[in-house]
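Going down the list, the protein sequences come from chains V and E. All the letters of the first sequence, read from the start, carry residue numbers 661 to 1201 under this note's numbering. All the letters of the second sequence, read from the start, carry residue numbers 655 to 944 under this note's numbering. Where is the CB? At the ideal position from N, CA and C, for every residue including glycine. One structure is given here, and the rest of the page talks about it.
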Amino acid sequence: MTARAFRLLSTPLLLVVQVFRATAPAQPPADLAWALHAEPGTLDPAKVDDQSAETVRFLTAGVLLRVNRVTQQPEPALAEHWDVSADGRTVTLRLRGGLRFSDGSPLTAQDVVSSLRRVLDPAIAAPVADEFLQPRAVVVDTPGPRLIRLQLPKRVVSLAKALDQIAIEPASHPAAASVTAGPFAVAKYHRGEYLLLQRNAFHWKHDSAGRQLPYLKQLRLDITSNRDVERLRFTRGQYQLMESVSPDDFEQVAHETGGAHDLGASLNTEQLWFNQVADAPLPSYEKAWFESTAFRQAVSLAIHRNDLARIAYKSHATPAYGFISPANRTWFSEKGQAPHEDLTRAEAQLHAVGFHRVGRQLVDGAGHPVRFSIVTNSGNHSRKLMGTLIAQDLQALGMQVTLVELDFPALVDRLMHTHDYEAALLGLSNVDVDPSAMANVWTSSSPNHQWNPSQKSPATPWEAELDQLTAAQATAVGYADRKRAVDRMQAIVAEQQPFIYLVFPNQLCAVATGVEGTAFSLLSPTTLSAIETMRRRGVQP
Amino acid sequence: MIVRFRRLTLHCLRLFSLLALASLGTVLLVRCAPGYFTTAGELDAQHSEHVQALILAQQAKEGSPLQTWLHFCGGLLQGNLGRSHQYDVAVSTLLMPRLRVTGKLLLLAALPAPLLALLCALPCSLTRTPALQRWAAVATLAGFAVPVSVLASAALLSGLGGPAAVLMGMLTVRDFRFFLRLLRRQSKAPYLLYARACGVPQLRLIWFNILCPMWSQLLSVVTLSCVTALSALIPIEVIFGIPGAGQMAWTAAMNRDLPVLLTVTLLMALCIGVAGGLQQSLQQGARASA
């Protein structure tokens, strides 16, 4: 009877033990594994329009020129040499000899022409085509067996960046990253689970000892949006990289693994802005506040950026007073910065335009109490803390501010479509050091001119000047002319404060101590810029 | 026979209405949710124009919510679940591998949970030790009071158990409570007192006189707990980062991916409808045998 009872009891107990041992589904082993925070929207390199897909393209695409993420300068890749005519409208590239795709088939100038034409084809709607200003008018041909010529209708300032984003694929079968000329090719893609990348055995690049690159044989990119899962897997040694670490997790990751890195101010910005859309569903007196430069300047003067960086970002952020990060040394202007915190000056400025206090409450000239809400996205702890701190800072001026968190689609709907908000707190990810990447933000007719988008004609003289300067910096030939235009843009933004810049979050990342050959860059991807020479310690390439 | 056929037809009709209402409700809720025709890409200064052109095309294609629903139902009748807005692939392609993952998780958790619950409920129902009764009450209360997401987060951060363990723990607590109530009622039956007095061995008594007569009632509790498991799947899969159907439903809801959300909702409604029907027929069987 005891034996029977034991059998009866042991079966469910064994099952329970099995259940406790069960974790996430098993994933294939790889030399390097890390997390993508979202599913890549596409693997077609021509159609990439999200961060995850961009990472996959960076790892797999064979490109004519590669912008070195560390030096931020273009370097030869599939093209060993390139020439740009004096007027900037004719570009001639010469391919390396003996190039092959990852399936062993030869890579010819015809493949390059076909890939470029595919990207420029309006039917494909490739986002990178916009870089060519008039993609339909671009002529691509092959004047020689290894030569490719691009004839542009207009000079393209960011040509190297555009070519860095165009993957050369086999002309006969564009293969969505499974046949590539880059360092890796997609071997397996389990939607929602992981991407497995296999080393391209025919990659053109070799190290100084003549060994073929990349050293790593397999990469696994797990698709997981849960940052806690990512951190746990990294600290447990299941992941070797974290492309970004939140300020809240940084100390813990640093303490537990010793592999966390703070690279200093990133190119990204966090900013606050007021809704200045003419037909926004707001009372007219509120619109008048938000359109007042003095009001915006006073708000800016009341916000303590150092506290935001210290408290909301645990000191892993740099106070911001302009739209170009000090990390962007080529374009940053010391003169184009907004004045620092000064509560007395803020009060004086408000007083000068008719605001006054009734008790502790600030009211405008018509007696309307200054109360407004700031909308932001839910789920971003640092942003939520910043909102709370800003509300406290503005309370010192007598303003009553409420922070409202919305889920992302609802927030985008308000910002881009209904314009039903008073102020917004959000960040902007800058993927390029060149200010022309931000042209859509400063041009008044653009939908990304957030405070007052899609204007038929500039609403204010300073927006008209911004439009002119944006166009001028994009077409000017010399650096000095472009710099002059960009400096003036910085000065206008610092004076008018359409965006009140708050902080530049620091670039935080983590690499396991057993990974060698890493190079960090401010440009995305942060930890992968030297992927071809990265290797695991103790593993022979 | 005719009664049984009529009952089956009625149940099928009820199930069909449930599915129709669930799908219509989902379409209306998602289409009317703020931010349906938006994507985060609109805020991206580099890609916004491209993204907005895609949104306009989608708006023109979808028409009114009713048209969307009719279009989906039409596609469903032809075996077409539609195309995911988020990933631009057929929903069936997206769903099949995830259903496998979720199915495995469900099996791993839902099989041992009732057995474990029964093992715990049996001694509690047969003995009258006050300490055991108190422990049972406290454990049940705690199990019901702690939300599954908190349980999952605690398990993840402490590394004490995986997703299946959390799901099993939650189901065990729920099953335990119902089993205990059923077993207590059963153990008070006069024929059991008589059998005990006659000296029938305890295990024999449990197997032949308690469990065998109650199997249909116990099974109906298990059927109901499967419905509970379905609702717990979403937070568990999201917190543990399990690429299953629950996580897909969450991502679809966050990104207003209507075709995916509709399919997952219909699948869940189907499971709940079938489980409800099964439970009803089990109860009817139990009543008939009584």
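key: Runs of beta strand (DSSP E) wholly within the segment 1008-1095 of chain V (minimum 3 residues, chain order)   = 1016-1018, 1021-1023, 1031-1037, 1060-1066 and 1083-1088
Inter-residue spacing [alpha-carbon to alpha-carbon] between V/T662 and E/L667 = Reliability of the predicted coordinates at V/T662 is poor, the pLDDT of 49 falling under 50, and the value obtained from them is presented with this limitation in mind. Each residue's Cα considered, the two are about 51 Å apart.
request  = Tell me where the beta strand (DSSP E) around V/F1159 begins and ends.
outcome  = F1159 to V1171
message = Please report the straight-line C-alpha distance between V/Y981 and V/L1085, rounded to a whole angstrom.
response = 15 Å
inquiry  = Just checking: is the beta-carbon of V/H1077 within a distance shorter than 8 Å of some beta-carbon in chain E?
reply    = yes
ask   = Exposed or buried, V/I883, counting other C-beta atoms within 10 Å across all chains shown (16 or more means buried)?
value = buried
key: Helix, strand or coil at V/M661 according to DSSP, with G and I counted as helix   = Per-residue confidence for V/M661 stands at a pLDDT of 42, beneath the threshold of 50, marking its modelled position as unreliable; no derived number is given.
message = Here's the rule: buried if 16 or more other CB atoms are within 10 angstroms of the residue's CB, otherwise exposed. What is V/C1169?
response = buried
task = Identify each residue in the segment 679-697 of chain E for which the Cβ-Cβ distance to at least one residue of chain V is less than 9 Å, and report them in chain order.
result = A687, P688, G689, Y690, F691, T692, T693, A694, G695, E696 and L697
message = Can you check which of these residues, V/L927, V/Y945, V/S952 and V/A925, is closest to V/W933 by C-alpha distance?
response = V/S952
message = On the criterion of 16 or more Cβ atoms from any shown chain inside 10 Å, does E/I896 qualify as buried, or is it exposed?
response = buried
key: Exposure of V/E829, with buried meaning 16 or more beta-carbon neighbours within 10 Å   = buried
query = So which residues of chain V does E/G895 contact, with C-beta pairs closer than 7 Å?
reply = A684, T884, N886 and V889
request  = Give the straight-line distance between the Cα atoms of E/A808 and E/L847, rounded to the nearest whole angstrom.
outcome  = 44 Å
ask   = In terms of residue numbering, what span does the beta strand (DSSP E) encompassing V/D747 cover?
value = Element bounds for V/D747: n/a, residue is neither H nor E.
key: Where V/M1098 meets chain E, residues with beta-carbon distance less than 7 Å   = A699
ask   = V/T662 CB to nearest chain E CB: under 8 Å?
value = Any reading at V/T662 must be qualified, since the residue scores a pLDDT of 49, below 50, and its modelled position is unreliable; the value itself is stated next. Closer than 8 Å: no.
ask   = Which term fits V/G918, buried or exposed, when burial requires 16 or more other beta carbons within 10 angstroms of its beta carbon?
value = exposed
For V/A739, the three-state DSSP class (helix, strand or coil) = strand
Proximal residues of chain V, C-beta to C-beta of E/V892 below 9 Å = S885 and N886
inquiry  = DSSP three-state label for E/R910, please.
reply    = coil
task = State yes or no: is the beta carbon of V/H697 nearer than 8 Å to at least one beta carbon in chain E?
result = no
key: Contacts of E/P751 in chain V (Cβ-Cβ under 8 Å)   = H850, R851, G852 and E853
ask   = Just the Cα atoms here: how many angstroms apart are V/M1046 and V/Q997?
value = 21 Å
inquiry  = Please return the same chain residues whose Cβ sits closer than 6 Å to the Cβ of V/T1130, not counting the five positions on each side in sequence.
reply    = A1099, W1102 and T1103
Residue ranges of each alpha helix (DSSP H) within the segment 883-956 of chain V, 4 or longer = 887-895, 907-917 and 944-951
ask   = What are the start and end residues of each continuous alpha helix (DSSP H) run of 4 or more residues lying completely inside the segment 805-854 of chain E, in chain order?
value = 817-841 and 844-851
query = If you draw a straight line from the C-alpha of V/A713 to the C-alpha of V/H850, how long is it?
reply = 14 Å
Opening and closing residue of the alpha helix (DSSP H) in which V/D771 lies = A769 to L780
Simplified DSSP assignment, three categories, for V/P805 = coil
ask   = How many angstroms separate the CA atom of V/D801 from the CA atom of V/R749?
value = 14 Å
query = So V/Y875 packs on V/R1197, CB below 8 Å; how close in whole Å?
reply = At roughly 12 Å, the Cβ-Cβ gap does not stay under 8 Å, so V/Y875 and V/R1197 are not in contact.
request  = Spell out whether any CB of chain V is found under 8 Å from the CB atom of E/H704.
outcome  = yes
message = Within 10 Å of its beta-carbon, does E/Y741 have 16 or more other beta-carbons around it, so buried, or fewer, so exposed?
response = buried
request  = Assuming E/V914 and E/W904 form a contact by the criterion Cβ under 8 Å, report the distance between their Cβ atoms to the nearest whole angstrom.
outcome  = The pair is not a contact, with the Cβ atoms about 10 Å apart (cut-off 8 Å).
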